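Scroll down for the structure; my scribbles are underneath it.
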Amino acid sequence: MNFLRWYKNIIESSKPEPPVETWNNIRDQLDIDNSWQVIDNHLRKKRFIQYARITAAASVLILSISAATWLFFSRDFPAEDNMVSENITGSRQEPEQIDKPAEDDPAEAYREKNTKDIEKRAVDDNTFSPATTITAQDNERPIKKEPGGEEQMSTLKPHNISIAPERNTGKVNIRPVSIKPLKEKKKNNFFRKIYLGTSGQLANTWLVNQKTISGFKSTSLVSTNPSFGSNFGIYAGTNLASHLDLQMDLNLLAQNNQDYNEYLNGSYVSSNMKFNYSQLALSLRYNINSSKFMEGEHGLNFGPYLAYLHSATQNFNNETITISGNYHDIDYGLLLGYEYVFTLYEQLGLGTGFRAYYGLSNIYAGNESIPGYLNITNNASVNITLSLKYRIK
Amino acid sequence: MQIDLYSEEEILKGCRKNKRQYQEILYRKYARKMYGICMSYAGNRDMAQDMLQDAFVKVFCNIKKFKMEGSLEGWIRRIVSNTAVDQLRKQRRDYRFIVDTDEEPGEAFEPDVLEKLKAQDVLDIVAELPDGARMIFNLHVLEGYTHKEIAKRMNISEGTSKSQFNRARKMLMAMLNKHSA
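Chains A and B, in that order, give the protein sequences. Everything in the first sequence is counted per the working numbering, starting at 1 for the first residue and increasing by one. Everything in the second sequence is counted per the working numbering, starting at 1 for the first residue and increasing by one.
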């Protein structure tokens, strides 16, 4: 008889009865696993709703700011076209406004002078006709200027026409020409100005997670309290376009804290979590210089940030424990801010405004009791800013 | 011939829906056989119970991954043997092996002598083997692993697996012989 085959048969056919409690233990274990599964599903649903709300709120905020900015600053640009058109028709022109371009441009001055001479000579010679013939687009479409025909003239754009006395006929020819002075000006517009400064922020900070949110409910044993931190750092920037800057902020200290009142080991205590980060932010800044409403520079910042966690501690009952191991070292997110800068002295400005930060990563790494995915935590803060800005060039 | 009240497919369907009734049926169906295997690996009842418990929790958590390509019993058995190896490794970082044996295989493999032995006696005797040697012997005989596979699984050399298997076989034969005598 083969010993090994015999051994296999006797073991497989042994079928001893396992202890009764084995199944009960398995059942309990499965119940726990199912409970975690149910909790996880519930949290996932809640998380989705939370993200949807935040996204909606952010969209509304961005749209509101954009709309308000557009409505407010669109009033800063006068209807220059109409003014110049009116100048051409000669109905409501101001002498200063007509003379200015002639002073700047010698060619314009020459044309202006010649036109006036021709008109004068025509009047002297009795050859000036009140119905001046105006030709447009190489004399293909002659437009008659009637004595009361100002509306027709006003539709012509000033930068598309030139008035030149081509012939001494006493008639003024108007024809379209292509002049693109604005595009030439836009060349070499990048990095024309550089600025740097230092900033301090008073931050109202939040750890956005299930515990913090449930702490707002009166039925919860945890009570969430507003908490504050401070940021300090330096920044530098340069322009990308006439109204657009690229700004880099380095916050050497960026605090994110959260205070709770909660039950710990049978007693109701106040608990405070402190996270000290260093933060690097890169943002696009849209600048508008206003002369009507709060004279100075108004800037809107939007961009990403990256933060490195230096320390994380939890304090309760005057006892402080380090919790760095439960949290990821890196956090990243988005910032949105508004700043008003007014000139203190020549190139030096003082700025104030607000900034909102929202972390996109889960900063909670997890521990043996609660894995990271069951306590998704994001940093968030709304900060009041104060800065000193120095314009180098 | 025994006709089961529930078909294997029906039990599987119920288990996949996390229905406790079907999970218990599956457990009852295979628990005794798997407990015997756990006993042969563990060496004591408490550890065997832990192995069985862990193995069935894994079975129910992963039952959605089981495709009806192989036998359900074979799949469960593989989970049981893997759990046994993992538990022994967790409990002891180093396996204990047979250093040397002077035991000579006696006449224990004579059919009439072997028939006198009960399964529980065999389990008790095999429990006396050092855990490393017992693991190698069981993986090779019960699960059909090659020495190469055992070496990889237990992180030992193939030569160690072969030598420990031979020593375990000789030692087991000698002990069974002594017991039957």
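All residues carry an ideal CB built from backbone N, CA and C; glycine is no exception. No experiment lies behind these values; they were computed from the predicted model shown.
Within 7 Å, strictly: CB atoms of Ile26 of chain A and Phe56 of chain B
For Ile26 of chain A and Phe56 of chain B, yes; Cβs fall inside 7 Å.
Quick one: does Val182 of chain B have its CB under 7 Å from some CB of chain A?
Residue 182 of chain B cannot be examined here, being either before or after the span of chain B that is shown, 1 to 181.
Sort out for me which residues DSSP pairs Met248 of chain A with in a bridge.
A:Ala236, A:Leu282
Mind listing the chain A neighbours of Arg153 of chain B? Cutoff is C-beta to C-beta under 7 Å, in chain order.
Contact of Arg153 of chain B with chain A by beta-carbon distance below 7 Å is absent, the smallest such distance being about 19 Å.
Listed from N- to C-terminal order along the chain, which residues in the region 130-156 of chain B have their beta-carbon within a distance smaller than 7 Å of any beta-carbon of chain A?
The residues in question are Val141, Leu142.
Mapping the DSSP letters down to three states, classify Ser129 of chain A as helix, strand or coil.
At Ser129 of chain A the pLDDT is 48, less than 50, meaning the model places this residue with poor confidence and gives no usable figure here.
Please determine, among B:Ala42, B:Arg32, B:Tyr35, the residue with the shortest C-alpha to C-alpha distance to Leu129 of chain B.
Each of B:Ala42, B:Arg32, B:Tyr35 was checked against the Cα of Leu129 of chain B, and the nearest Cα belongs to B:Ala42.
Chain A contacts from the region 34-45 of chain B (Cβ-Cβ distance under 7 Å)
Taking 7 Å as the Cβ-Cβ cut-off against chain A, the residues of the region 34-45 of chain B that qualify are Tyr35, Gly36, Ile37, Met39, Ser40.
Taking all protein chains shown into account, decide if Tyr7 of chain A is buried (16 or more other Cβ within 10 angstroms of its Cβ) or exposed.
Counting other Cβ atoms within 10 Å of its Cβ, Tyr7 of chain A reaches 16 or more and is therefore classed as buried.
Considering only residues of the same chain and omitting the five flanking positions on each side of Ile376 of chain A, which have a CB-CB separation below 6 Å?
Only Asn362 meet the Cβ criterion.
Quick one: which chain B residues come within Cβ less than 7 Å of Ile26 of chain A?
Tyr27, Gln53, Phe56, Val57
So what's His196 of chain B in DSSP terms, helix, strand or just coil?
A question about residue 196 of chain B goes unanswered here, because the residues of chain B that appear run from 1 up to 181.
Give the straight-line distance between the Cα atoms of Ile79 of chain B and Lys58 of chain B, rounded to the nearest whole angstrom.
8 Å
Whole angstroms is fine: what's the gap from Asn251 of chain A's alpha carbon to Leu306 of chain A's?
Each residue's Cα considered, the two are about 10 Å apart.
The alpha helix (DSSP H) that contains Lys152 of chain B, what's its start and end?
147-154
Rounded distance between the beta-carbons of Thr205 of chain A and Asn256 of chain A, thought under 8 Å
The Cβ separation is near 5 Å, so the contact holds.
Tyr268 of chain A burial status per 10 Å Cβ neighbour count (16 or more: buried):
exposed
Consider the Cβ of Leu114 of chain B: report whether some Cβ of chain A lies at a distance smaller than 7 Å.
Nearest CB-CB separation between Leu114 of chain B and chain A: below the 7 Å threshold.
Could you give the DSSP three-state label for Gly325 of chain A: helix, strand or coil?
helix
According to the neighbour-count rule (16 or more other Cβ atoms, all chains shown, within 10 Å of its Cβ), is Tyr51 of chain A buried or exposed?
exposed
So with CB distances below 7 Å, who are the chain B contacts of Ile10 of chain A?
Ala119, Val122
So what does DSSP say about Lys15 of chain A, is it helix, strand or coil?
Three-state result, Lys15 of chain A: coil.
Can you check whether the CB of Ser199 of chain A is closer than 7 Å to the CB of Ser387 of chain A?
Yes. Within cutoff.
Could you check where the alpha helix (DSSP H) with Ser291 of chain A kicks off and where it finishes?
Counted as a single uninterrupted DSSP element, the stretch harbouring Ser291 of chain A is not any alpha helix (DSSP H), since DSSP gives it neither H nor E.
Counting beta carbon pairs with one atom in the region 348-368 of chain A and one in the region 9-24 of chain B, are three or more of them shorter than 8 Å?
no
Please classify Ile11 of chain A as buried or exposed, where buried requires at least 16 other C-beta atoms within 10 Å of its C-beta.
buried
Which residues, in order along the region 165-177 of chain B, keep a beta-carbon less than 8 Å from a beta-carbon of chain A?
Arg169, Leu172, Met173
DSSP bridge partner residues for Glu319 of chain A (one or two, in chain order)
Paired residue(s): A:Phe316.
Proximal chain A residues relative to Gln49 of chain B, where beta-carbon distance stays under 7 Å:
Pro18, Pro19, Thr22
Lys389 of chain A lies in the alpha helix (DSSP H); which residues open and close that run?
Counting along the chain, Lys389 of chain A sits inside no alpha helix (DSSP H); it lies in the beta strand (DSSP E) bounded by residues 378-391.
Can you find a C-beta in chain A that's less than 7 Å from the C-beta of Phe60 of chain B?
yes
Buried or exposed: which applies to Asp131 of chain B, given that a residue is buried once 16 or more other Cβ atoms fall within 10 Å of its Cβ?
buried
DSSP bridge partner residues for Thr205 of chain A (one or two, in chain order):
A:Ser227, A:Ser381
Can you tell me whether Thr146 of chain B sits near the ligand SAM, meaning its C-beta is under 6 Å from at least one heavy atom of the ligand?
Among the components of this structure there are no ligands whatsoever, and the ligand SAM is therefore not found.
So within the region 23-77 of chain B, which uninterrupted alpha helix (DSSP H) runs reach at least 4 residues, ignoring any that extend past its ends?
45-61
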